[in-house]
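First to last, the protein sequences are chains H, L, P and W. All the letters of the first sequence, read from the start, carry residue numbers 1 to 204 under full-length UniProt numbering. All the letters of the second sequence, read from the start, carry residue numbers 1 to 204 under full-length UniProt numbering. All the letters of the third sequence, read from the start, carry residue numbers 1 to 204 under full-length UniProt numbering. All the letters of the fourth sequence, read from the start, carry residue numbers 1 to 204 under full-length UniProt numbering. Don't be surprised by glycine CBs; every beta carbon is placed ideally from N, CA and C. Small disclaimer: the values here were computed from a predicted structure and weren't measured.
Protein chains: 4
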Amino acid sequence: MPYRRSSLMEERLADNRLRILKSARALVAEGGFRQASITAVAARAGLSTGAIYRYFPAKADLFVEVLNSAVDYEVAMLQKIADGKGDVGTRLRAAVRSFVSRAVEGPNLAYAFIAEPADLEVEAARLICRERFGEVFKQLLREGIAANVLPAQSIDVGAACIVGAFTEALVRPITPNAKREASKALIEGIVEFCARAVGAAKAS
Amino acid sequence: MPYRRSSLMEERLADNRLRILKSARALVAEGGFRQASITAVAARAGLSTGAIYRYFPAKADLFVEVLNSAVDYEVAMLQKIADGKGDVGTRLRAAVRSFVSRAVEGPNLAYAFIAEPADLEVEAARLICRERFGEVFKQLLREGIAANVLPAQSIDVGAACIVGAFTEALVRPITPNAKREASKALIEGIVEFCARAVGAAKAS
Amino acid sequence: MPYRRSSLMEERLADNRLRILKSARALVAEGGFRQASITAVAARAGLSTGAIYRYFPAKADLFVEVLNSAVDYEVAMLQKIADGKGDVGTRLRAAVRSFVSRAVEGPNLAYAFIAEPADLEVEAARLICRERFGEVFKQLLREGIAANVLPAQSIDVGAACIVGAFTEALVRPITPNAKREASKALIEGIVEFCARAVGAAKAS
Amino acid sequence: MPYRRSSLMEERLADNRLRILKSARALVAEGGFRQASITAVAARAGLSTGAIYRYFPAKADLFVEVLNSAVDYEVAMLQKIADGKGDVGTRLRAAVRSFVSRAVEGPNLAYAFIAEPADLEVEAARLICRERFGEVFKQLLREGIAANVLPAQSIDVGAACIVGAFTEALVRPITPNAKREASKALIEGIVEFCARAVGAAKAS
DNA sequence: CATGAATGAGAATTCATTCAT
DNA sequence: TATGAATGAATTCTCATTCAT
C-alpha cells in the first residue's frame, strides 16, 4: 500500500521553508548579508545545512527570495495606498508614512534592502527591488503633475530621491534617544520632507 | 650609534602608505568591498601582502581609513561651500550639486560609501561617515531656519533625508541612456528635489 | 495468522528490483558512475531513495550487481559462440565481433566496464568482470593450441590482450566521422587485429 | 633595501610544486582519482590545502598536469625508440616492451591513465593522452606498411588496439604468483601479441 | 512496506594573517 | 625591513544513508 503524505507532514514542510526564509531574513536584518551564511541560516532554522538545499537550489536563490518576498509585501502595501482615494499629496504622505513606520518598527528587510550582498545575482535582485519601490512613487507623481496638483518635476529623479530619503531612515539610528517619541517625530519628519520635496506641502 | 631614519626613507614609507590607501580605494570604487582583498590591494600597490601589515594592523583598519580619508575630502568640499557667501538656499543647492556631480562622474568613494563592508568595524565607520555628511546640512538648515529663510522643520531628519536622497543617486543607473545629458538632468533633479524639500525652492 | 506474501506482491517486488537495476545500468551507461547517484537511480526507477535500500543494502551492492548482471549476459553470448561449431579462428573472430559490435552500437555496459567506479567494492567487481571475459578467450586459445591450429603462445596474456584491445575500442571515438561505415571498419579492424595476434590470420 | 629571494627558497618552491605533483600522482596510482582529494594530496605533500592553490589554480589543473607530465615522459621514451634504427618490427617490439616494463614495475601513471577521473576537464585530458600513445604506433605502422614490411591493415585501429592491449597490463594482476619471473613472461607475452597482431612476427 | 525529508560528513575553494628568510 | 609562501578556518554545496510517518 503506497504511503500517503499526511497533511501534517505537508505543514511541516511548508513550515520548514518558511523557517528558512525567516532565519535568512532575520540574519540579514541583524547583521547584513555578511552574517547570513548557509550554516547560520540552517542553525537558526534548526535544520542541517543540507536541508536548506532541499528548498533552495543555491544560496543566491534563497536570498533573492528573501528580498523579493519582503519587497512584494511592502510594494503591495504602498500600491494599495497609492491606488486609494483622496488627493495625491495625502496618498503620497500616507505611502511614505506606511513604509517608514514599518521600517522603524523592527529589523526586517531594511538592511538587506540597502546592504551590498555577497552574491552578484542577489545584487541584481536588490537593484530591481529598489526600482519597484520607485514605480509606486512615479505613478503618484505622474498623476499629481497631470492633475496640476504637483509642480512640474522629474518623475524618475523624484521617485528615486524619495526612496533614497526614506531608505536613510533604515540605516541609521537618527535619534538614538527616546525611542518611541523620537520615532514618531522621525516618521513625520520624513513624510513632510518628501511632501515638500515634491511640492505637496501641507496648506499651513 | 643610534639608527637614524633618513628623510628619504620616511618619504618612501609615507609613499607606500598612500599607495596602499589609493589601491584600496580604487578597488572598492571599482567593485565594492567584495573585490578589495588584501592580496588585490597589495598587488595594485606594487607591494607584498606582508607590507600592508606594516602600515595597517588589520584589514579593517585599512578600510576604515579609506572610508574616512575619502569622506574627509568630500566633507571638506561641502563645508567650504556651506561656509561660503550667498543665501542659504543657493549654498545648499551648491553643496548637493557638488557631491552628486562627483558621484555621478566616476566611480570613486560613492560605492564604498553605501556598500556593505565585510567587516563590522568598517560598517561602523561607514555609518559615522554618513553622519558626517549630515552635519554639513544640519548646519545649513540651522542657519536657514534661524534666519527665517527656511521654514521650521526637523533638522536631523532633513539632513538625513538629503544624504539619503543623493545616496540613492549613487546606487542606481536611473537613466542608462544618453549619459552626459541625462547626468546633467539627474544632478539638477536631485538638487531641486532637496531644495524644495527643505523649503528653499527657487523663486519661480 | 501468519502473514502470507501474495504472489502478486512478490511480482511487484521482483519488478522493482529489476527496475532499479535497469535505472542504474542506464545511468552508468549514459554518464559513468559519476551520474549514477542513488537519488538519480530512484527517480528514474520511479521509486523513493529509501526503497532502493530495501532491495540493496548499500550503493556498492547495487552497482556490483549492475556490473555482474551486465557481464553475465555478455559472457553468455561469448560463451555460446565459443562453444559453437566451426574452426577456432572463426569462432574467436565471431566472439570479438559480437562483443565489439554491441559495444560500438550503443552506450550500454561498455562504459561501466572500463570506468572507474566510485566505490572500492565495485572496483573489485569490475576487475573480476574483466577476468571473466578473459576466460572465454582462454578457452578458445587453449583449444586452438591443443589442436595445433594456433601457434604456441601465452594463454593468459593472449586473453588479457584481447580484452584490452577491444576495451580500447569502447573508450575512444576512434573514427568520429562517417559513423556507420566507420563502425563497420572499426569492428572488422579489431577482429582482424586479434585474429592475427593469436595467429589465426585469414588464409590470404 | 629590498628583499632578495634566495636560491634556497626558490628550490623550496620548486620542490613543493614537485612534491604536490608526486603526491597527486602517487595517490591516483594507489587508489584512482577517487582517493586523490585536495586534502589527501596536501597531507601527503606535507602542506596545507591552501598551499596547493598557490601552485595550481584548481584541482582539475593539478590532475591534468599529473596526467600530462607522466604521459610526456612515456611518449618521449616511446618516440625515441620509434625514431631509432633497425627494422620496424624490432622497434615496435622495443616500444611495447619499454612501456609495459615500466608499467609492470611500479604504480605510476598506470591507473590514472585508464581510470575515469571525477572531473570532466581531466577526463578530456585523459582521452588526449591515450591518443598521444596511439600516435607513436601509427607512425611505426605507417612506416612498416609503406616499406612493405608489414601487411596492409588499418593504422588507426591497429594503434588503438596496441594501446588497449598493453593498457590491460596496467589494470590487472594477470599473474599473481611468482612476481619477477611472471612479469618477464607477461611482458614478452604482450610484446609478441602485438607483434603478431601487426604482422611483425619473429621469423621463427 | 513505501516515502522522501533530514542528516552530516566531506569536498573544493578563498583569504586574512603570520613568519622564516 | 620587505617578501610572499604557507596556514587553516570558514564557506558553499553534495550525497549516501536513515527514520518518522
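| Asked | Found |
| --- | --- |
| Note down, in chain order, each residue of its chain lying with its Cβ closer than 7 Å to the Cβ of residue 84 of chain L, except the 5 sequence neighbours on either side. | 91 |
| Between residue 116 of chain W and chain P, is any beta-carbon pair separated by less than 7 Å? | yes |
| Less than 7 Å between C-beta atoms, sequence neighbours within five positions excluded: which residues of the same chain meet that for residue 177 of chain L? | In this prediction, residue 177 of chain L scores a pLDDT of 44, lower than 50, which makes its location untrustworthy; the coordinate-derived value is nonetheless stated afterwards. Excluding positions up to five away in sequence, the list is empty. |
| Just how far apart, CA to CA, sit residue 54 of chain H and residue 119 of chain H? | 20 Å |
| When burial is assigned at 16 or more other CB atoms within 10 Å of the CB, is residue 80 of chain W buried or exposed? | exposed |
| Counting contacts by CB-CB distance shorter than 7 Å, is residue 90 of chain P in contact with chain W? | no |
| Beta-carbon separation of residue 162 of chain P and residue 138 of chain P under 7 Å? | no |
| Taking residue 144 of chain W as part of the alpha helix (DSSP H), name the residues at either end of that continuous run. | 120 to 146 |
| Is there contact here, the region 59 to 67 of chain W with the region 19 to 29 of chain W, by at least three beta-carbon pairs under 8 Å? | yes |
| So, at 7 Å on beta carbons, what are the nonlocal neighbours of residue 134 of chain L in its own chain, with the 5 sequence-adjacent residues on each side left out? | 159, 160 and 163 |
| Just to confirm the assignment, what range does the alpha helix (DSSP H) spanning residue 153 of chain P have? | Note, residue 153 of chain P: premise wrong, no alpha helix (DSSP H); not H, not E. |
| What residues from chain H crowd round residue 167 of chain L, counting only those whose CB sits closer than 8 Å? | 164, 167 and 168 |
| From the DSSP output, in three-state form, read off residue 71 of chain W for me. | helix |
| Starting from residue 56 of chain L, trace the alpha helix (DSSP H) in both directions and tell me its first and last residue. | No alpha helix (DSSP H) contains residue 56 of chain L, which DSSP labels as neither H nor E. |
| Tell me which residue opens and which closes the alpha helix (DSSP H) that residue 101 of chain H is part of. | 88 to 105 |
| Rounded to whole angstroms, what's the CA-CA distance from residue 100 of chain P to residue 76 of chain P? Just pull it up for me. | 15 Å |
| If you measure beta-carbon to beta-carbon, which residues of the region 190 to 202 of chain W are closer than 9 Å to chain P? | 190, 192, 193, 194, 195, 196, 197, 198, 199 and 201 |
| Which residues in chain L sit within 7 Å of residue 154 of chain H, going by Cβ to Cβ distance? | 185 and 189 |
| Output, in sequence order along the chain, the residues in the region 28 to 54 of chain W whose CB is closer than 7 Å to any CB in chain P. | 32, 33 and 34 |
| Counting contacts by CB-CB distance shorter than 7 Å, is residue 160 of chain L in contact with chain H? | yes |
| How would you call residue 50 of chain W, buried or exposed, if buried means at least 16 neighbouring beta carbons within 10 angstroms? | exposed |
| Measure the beta-carbon distance from residue 136 of chain L to residue 95 of chain L and round it to whole angstroms, keeping in mind my assumption that it falls under 8 Å. | 7 Å |
| Measuring straight from C-alpha to C-alpha, what distance separates residue 128 of chain L and residue 121 of chain L? | 11 Å |
| I need the DSSP call for residue 83 of chain W, collapsed to helix, strand or coil. | coil |
| For residue 113 of chain H, which residues in the same chain have their Cβ closer than 6 Å to its Cβ, ignoring the five residues on either side in sequence? | none |
| Measuring straight from C-alpha to C-alpha, what distance separates residue 187 of chain P and residue 19 of chain H? | 60 Å |
| Put residue 18 of chain H into one of helix, strand or coil per three-state DSSP. | helix |
| Buried or exposed for residue 184 of chain H, please, with buried defined as at least 16 other CB atoms from any protein chain shown within 10 angstroms of its CB. | exposed |
| Report yes or no: is there a C-beta of chain W within less than 7 Å of the C-beta of residue 104 of chain P? | no |
| Are residue 200 of chain L and residue 197 of chain H close, meaning C-beta to C-beta below 7 Å? | no |
| Just to check my reading of the structure: residue 157 of chain W and residue 189 of chain P have Cβ atoms closer than 8 Å, yes? What is that Cβ distance to the nearest angstrom? | 3 Å |
| Give the interface partners of residue 100 of chain L over in chain H, defined as CB-CB distance under 7 Å, in chain order. | None at all; the shortest Cβ gap to chain H is about 10 Å. |
| Check whether chain L comes within 7 Å of residue 157 of chain H, counting only Cβ atoms and requiring the distance to be less than that. | yes |
| Whole angstroms are fine: how far does the CA of residue 140 of chain P sit from the CA of residue 86 of chain P? | 12 Å |
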